[in-house]
Amino acid sequence: GAVVSQHPSWVICKSGTSVKIECRSLDFQATTMFWYRQFPKQSLMLMATSNEGSKATYEQGVEKDKFLINHASLTLSTLTVTSAHPEDSSFYICSARRNSGNTIYFGEGSWLTVV
Amino acid sequence: DAKTTQPNSMESNEEEPVHLPCNHSTISGTDYIHWYRQLPSQGPEYVIHGLTSNVNNRMASLAIAEDRKSSTLILHRATLRDAAVYYCILYTGTASKLTFGTGTRLQVTL
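Chains H and W are the protein sequences, given in the same order. Note that the first sequence covers residues 1084 to 1198 in my numbering. Note that the second sequence covers residues 108 to 217 in my numbering.
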């Protein structure tokens, strides 16, 4: 089946530094990808919609200057958490909408811990 | 986005069928009913989706009410590996996004 891969699976960074998470659709093209954040025992919260070749659309309350999204190709989107702080520690999940068929597939998620 | 309502949790015995309900009384004509499940510390996994007719695949069956205001995900024989949070989501496809509610946490016991 369709596969979406995230890298890294987990990362620990120091407060004030930036960290990049990659999301790749391995066997299909995805003009649109989505980034979610999930805190323990909570549901997924959509952060932004990433569109290939154009600016991302951020959900209300999500700082676009803090969570930088780049979608440079039909198979890759990246999320950069800039100047990370401990409250940014979370499970970050990406998903990709297959161009043919519209089904959305999710990555395995990336654990970010900011110390 | 149209909202869905699911029970917070359900329990099932292994090898027995499980019926997970979802209410979506404000569904529009273009909304597809999608089900995803999320195992601990993993991203959501696509289960099944439908529009009006009942659907079957290797994972589950989806029964959609005639008025489309509710649906039921059916796991024919629950196993321990089916223990997860199941999300029922309305999705219109292109130019739409998946918005997650709280889902139903399914516990499967021996």
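Idealized CB from N, CA, C, for every residue including glycine. Since the model is a prediction, treat every value here as computed from it, not as a measurement.
Just to confirm, are residue i and residue j a CB contact at a threshold of 8 Å?
| i | j | result |
| --- | --- | --- |
| ARG188 of chain W | GLU122 of chain W | no |
| GLU1105 of chain H | GLN1121 of chain H | no |
| THR204 of chain W | HIS131 of chain W | According to the sequence provided, residue 204 of chain W is Lys. The question's Thr does not apply to it. Cβ atoms of LYS204 of chain W and HIS131 of chain W: not closer than 8 Å. |
| LEU127 of chain W | THR209 of chain W | no |
| THR1161 of chain H | ILE1095 of chain H | no |
| LEU197 of chain W | ILE155 of chain W | no |
| LEU1129 of chain H | THR159 of chain W | no |
| LEU213 of chain W | PRO124 of chain W | no |
| CYS195 of chain W | THR111 of chain W | yes |
| VAL1164 of chain H | SER1101 of chain H | yes |
| GLN113 of chain W | CYS129 of chain W | yes |
| ILE1152 of chain H | ALA1167 of chain H | no |
| ALA1113 of chain H | ASN1182 of chain H | yes |
| ALA190 of chain W | GLN145 of chain W | no |
My understanding is that residue i touches residue j, with C-beta atoms under 8 Å, so please give their C-beta distance in whole angstroms.
| i | j | result |
| --- | --- | --- |
| TYR1119 of chain H | LEU1109 of chain H | No, TYR1119 of chain H and LEU1109 of chain H are not in contact; Cβ-Cβ is about 19 Å, not under 8 Å. |
| TYR193 of chain W | THR211 of chain W | 5 Å |
| THR1115 of chain H | SER1133 of chain H | 7 Å |
| PHE1117 of chain H | SER1178 of chain H | 5 Å |
Can you check DSSP and say which residues form a bridge with residue i?
| i | result |
| --- | --- |
| ARG144 of chain W | W:GLU152, W:TYR193 |
| ASN163 of chain W | W:SER168 |
| ASN1153 of chain H | H:THR1161 |
| LEU158 of chain W | DSSP lists no partner for LEU158 of chain W. |
| THR216 of chain W | W:ASN120 |
| SER1193 of chain H | H:TYR1175 |
| SER1088 of chain H | H:ARG1107 |
| MET1128 of chain H | H:ARG1120 |
| SER1098 of chain H | Partner(s): none; SER1098 of chain H has no beta bridge. |
Could you give the DSSP three-state label for residue i: helix, strand or coil?
| i | result |
| --- | --- |
| LEU187 of chain W | helix |
| PRO124 of chain W | coil |
| GLU1135 of chain H | coil |
| GLU1170 of chain H | helix |
| LYS1103 of chain H | strand |
| SER1113 of chain H | Residue identity check: residue 1113 of chain H is Ala in the sequence provided, not Ser. Coil, per DSSP. |
| ILE1187 of chain H | strand |
| ASN130 of chain W | strand |
| THR112 of chain W | strand |
| ARG1180 of chain H | strand |
| SER178 of chain W | strand |
| THR1140 of chain H | strand |
| THR211 of chain W | strand |
Verify the CB distance criterion: does residue i have a CB-CB separation below 8 Å to chain C?
| i | result |
| --- | --- |
| GLU1170 of chain H | The structure shown has no chain C; the protein chains it does contain are H and W. |
inquiry  = I'd like to know if the stretch 1184-1196 of chain H and the stretch 1139-1151 of chain H are in contact, where contact means that at least 3 CB-CB pairs between them fall below 8 Å.
reply    = no
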